[in-house]
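End of the sequence shown sits at 217 in full-length UniProt numbering; the numbers just go up one at a time, nothing left out. Structure first, commentary second.
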Amino acid sequence: MAEPSPSELSEPGVSVALTYAALSPAAAMDRVRSPSAGAIVLFAGTTRDSFGGRPVRHLAYQSYAPLALRTMLDIARGVRARHALVGIAVVHRLGVVPVGEESVLVAVSSPHRKAAWLAGEECLEEVKARVEVWKLETFADDDGAGVWRANRDGVMGTRVEAGDEAGGFTAQIRGGEGEHEGHDGVAGNMGEVTRPRRLGEKGHGAVVNPKPETPPE
């Protein structure tokens, strides 16, 4: 199946995008480069090789693109205004992201480095908390379909079997052929996205639509 064209929204000083292609840190920096900027800060989030002591095969991301892009644009506008930035760019990758490759880039430029550092961190946290992107973790030591999570730091998740909430998208990305179904929508029957906000919490993200516990007899 052919991959869709990248989706992007932009205005002067602000650029946000979703893409199935590999991300380019240099291209993200070029989006915010300006003679009036004395500092460019780039954050690159990459897929690490383990989580909770388990080997990670890859991560895969899915979004509701029209809404996610609007949310990303709203976040970027706000951060740019609050920190008087010259430019800000946010690019999130969708589909399968192998270990060591970038899943999200946040680039900001400012006349001064302090504002750039603060703005970059603030933007990243808002993107993780608010943007309509879901993540599927697939582990090398597990033949199951993986674990769906909200796209923010959080606790370990609940395994999703093939054919469960992940639906056709999970079946496609398990094959490792780079094919994706349902590009423009969230995974079927995802339910409520849980986003616990515990101080200092770390990890790949909160669980999406965990299976309910069996009530006692």
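Built from N, CA and C at the ideal position, the CB exists for glycine as well.
Here the C-alpha atom of residue 56 lies approximately 4 Å from the C-alpha atom of residue 139.
Counting every other CB atom within 10 Å of its CB across the protein chains shown gives residue 27 a total below 16, marking it as exposed.
Rounded to the nearest whole angstrom, the CA to CA distance from residue 43 to residue 143 is 32 Å. The alpha-carbon of residue 24 is positioned some 25 Å away from that of residue 84. Secondary structure at residue 48: coil, using DSSP grouped into helix, strand and coil.
Taking 8 Å as the cut-off, the Cβ atoms of residue 86 and residue 111 count as close.
For residue 83, the enclosing alpha helix (DSSP H) covers residues 65-83. Taking residue 130 as the centre and dropping the five residues before and after it, the same chain places the C-beta of 71 closer than 6 Å to its C-beta, in chain order.
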